[in-house]
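What follows is a single structure, written as structure tokens, with notes after it.
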Amino acid sequence: MEINLPELLRQALQGIENLGAIGAIAFILLYVIATVALIPGTILTLGAGVVYGAVFGSIYVFIGATLGATAAFLVGRYLARGWVAKKIASQQKFQAIDEAVGKEGFKIVLLTRLSPVFPFSLLNYAFSITQVSLKDYFLGSVGMLPGTIMYVYLGSLAGSLATISSSDRPTNSTVVWIIRIIGFIATVTVTLYVTRIARKALAKL
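Following this line, the structure appears as structure tokens:
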């Protein structure tokens with residue numbers, strides 16, 4: 085029997101919506117669990133806009149995403165390090181890049197969080213086996229704010245959880261272009277930045 089994950093998430097959001105004040109805590113916990121389990125957070129992010137509105141929805145999503153990303157990072161670093169390491173074992177001279185990330189961790193985490201090119205869930209685990217410090221990783225999560233606010237705002241325009249699906253994308257052209265521009269700039273910047281510091285690290289080998 086195939087599991088309809090989008091529908092399950094919508095049902096969970098509907099249940100949370102009826103919990104009142106406790107619902108916010110339940111939502112944050114759900115977001116944390118989804119992040120650690122590598123479940124895409126699109127429906128939860130858009131749904132937060134429907135249930136809580138743009139302001140509080142953004143706050144709850146950011147808290148949930150940050151805590152979830154931190155939890156996934158810790159799981160990858162201390163519990164599933166071997167599994168994560170196998171995923172990137174084929175990458176040549178990863179150690180040099182790892183050292184570069186360790187030195188410039190905050191900036192790299194911040195830029196990758198701003199860029200839509202880097203998948204949020206997988207990135208949490210990928211960073212876990214680098215030398216980036218937990219502090220830099222945690223603080224770099226602030227890069228998720230622009231995308232969080234925009235998607236939650238778009239969710240608030242939906243008006244109903246029934247209209248939210250995993251395939252939903254922004255329909256407001258202005259918001260779409262803002263997201264694209266921010267993402268493009270961040271992607272180019274992080275690519276050039278990582279390449280430069282990695283080259284310096286490799287030159288020392």
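Counting in this note's numbering, the sequence shown runs from 85 upward without gaps.
Glycine included, every Cβ here is placed at the ideal spot set by N, Cα and C.
Residue j beta carbon less than 8 angstroms from that of residue i
i	j	result
Val-185	Val-159	no
Asn-208	Ala-164	no
Tyr-136	Gly-125	no
Phe-222	Thr-154	yes
Ile-123	Leu-89	yes
Integer-rounded CB distance, given that residue j should sit under 8 angstroms from residue i
i	j	result
Tyr-144	Phe-111	5 angstroms
Leu-130	Leu-198	Leu-130 to Leu-198, Cβ: 19 angstroms. No contact.
Val-226	Leu-195	Incorrect: roughly 11 angstroms between the Cβ atoms, too far for contact.
Val-236	Gly-148	With 8 angstroms as the limit, Val-236 and Gly-148 do not qualify as a contact, their Cβ atoms being about 11 angstroms apart.
Arg-69	Ser-212	There is no way to answer for residue 69, as the model of the chain reaches only from 85 to 289.
Thr-150	Ser-205	14 angstroms between Cβ atoms; not a contact.
Cβ-based burial, residue i [other Cβ within 10 Å; buried from 16]
i	result
Leu-97	buried
Val-139	exposed
Ser-244	exposed
Ile-100	buried
Gly-269	Here residue 269 is Ile; the residue named in the question, Gly, does not match the sequence. Exposed is the call here.
Contacts around residue i, its chain only, beta-carbon distance under 6 angstroms, and the 5 residues preceding and following it disregarded
i	result
Leu-113	none
Ser-251	Unreliable placement is indicated for Ser-251, whose pLDDT of 47 sits below 50; no coordinate value is reported for it.
Gly-108	It should be pointed out that residue 108 corresponds to Ala in this sequence rather than to Gly. The answer, listed in chain order, is Tyr-144.
Residues near residue i in its chain [Cβ-Cβ closer than 8 angstroms; skip 5 each side]
i	result
Ala-246	Arg-94
Close beta carbons around residue i, own chain, < 7 angstroms, minus the five adjacent residues each side
i	result
Phe-146	Met-228, Leu-229 and Thr-232
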